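525 is the number of the first residue of the sequence shown in my numbering; add one for each residue after it.
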Amino acid sequence: MIRCTILAVLFALTTPFALLAKQETRDIPFRFKNADSVVFNHDVHLKKYNNCKICHDAIFDLKNPRHYTMVEMEKTKSCGACHAGVKAFSVAEDKNCVRCHKGIPRDIAYKVKGATDAVFSHTFHSGVYRCNDCHTKLFQLKTGAKRYTIGEKPCCGACHNGKVAFSSDSCQKCHPGYKQP
């Protein structure tokens with residue numbers, strides 16, 4: 525009886541500490557203006573490696589967090605440290621985009637001086653082309669990336685040249701309601 529009481533007391537005293545020692549993890553959403561979030565699942569990665577220090581702070585500095593572009597990831601930064609095709613699937617391969625990027629990219633409206641907004645249809649383009657056909661060859665996926673005018677390359681004019689796709693001088697196709705002067 526005394527042995528059972530001692531074991532019960534020890535269990536009662538150590539259980540709260542054991543629960544506190546369990547590292548709490550959560551999913552981390554990376555939000556985008558024109559697409560659904562990419563959600564990093566800690567539990568999936570901890571099941572494989574069971575060591576937080578592999579990523580923290582070797583790959584992800586929790587004191588100075590920053591977002592990386594796909595180009596940087598393809599050069600082994602951030603997720604690309606493992607997802608470069610050696611340890612895990614490659615972020616550089618088109619077929620793998622949907623492994624992280626769930627959902628449908630949103631259409632994008634660009635404000636244009638002297639014209640109506642230009643509307644880019646991800647819905648149409650993603651049904652015909654692969655993500656890497658435009659990203660990151662033509663359009664950098666990062667905040668503050670240079671925006672090009674229709675006549676500059678890389679831009680829409682890379683395809684909308686009258687040969688690959690309708691010519692960029694068909695203004696109304698991208699600028700609904702625009703009346704050419």
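Quick reminder that beta carbons are idealized off the backbone N, C-alpha and C, glycines included.
In this text, all values refer to a predicted model and were calculated from it rather than measured experimentally.
Coarse secondary structure for residue i, derived from DSSP in three states
{"i": "H607", "result": "coil"}
{"i": "H569", "result": "helix"}
{"i": "H659", "result": "coil"}
{"i": "C614", "result": "Here residue 614 is Ser; the residue named in the question, Cys, does not match the sequence. If DSSP states are grouped into helix, strand and coil, S614 belongs with the strands."}
{"i": "V652", "result": "helix"}
{"i": "A689", "result": "coil"}
Exposure label - residue i; buried when at least 16 CB within 10 Å
{"i": "S602", "result": "buried"}
{"i": "H607", "result": "buried"}
{"i": "G638", "result": "exposed"}
{"i": "V615", "result": "buried"}
{"i": "C579", "result": "buried"}
{"i": "C576", "result": "exposed"}
{"i": "G681", "result": "buried"}
Counterpart residues of residue i in DSSP-defined beta bridges
{"i": "A642", "result": "Y634"}
{"i": "P553", "result": "V563"}
{"i": "F584", "result": "H580"}
{"i": "H625", "result": "V562"}
Residues near residue i by beta carbon distance below 6 Å, same chain, minus five either side
{"i": "R555", "result": "S561"}
{"i": "A605", "result": "I583"}
Same chain only: Cβ atoms within 8 Å of residue i, ignoring 5 sequence neighbours per side
{"i": "R550", "result": "H566"}
Cβ neighbours of residue i in the same chain (closer than 7 Å, five flanking residues each side left out)
{"i": "R654", "result": "D618"}
{"i": "L570", "result": "T549"}
{"i": "H626", "result": "Going by the sequence as given, residue 626 is Lys instead of His. Around K626: D560."}
Segment contact, 8 Å Cβ cut-off, at least three pairs: the segment 684-702 with the segment 632-648: Yes, the segment 684-702 touches the segment 632-648.
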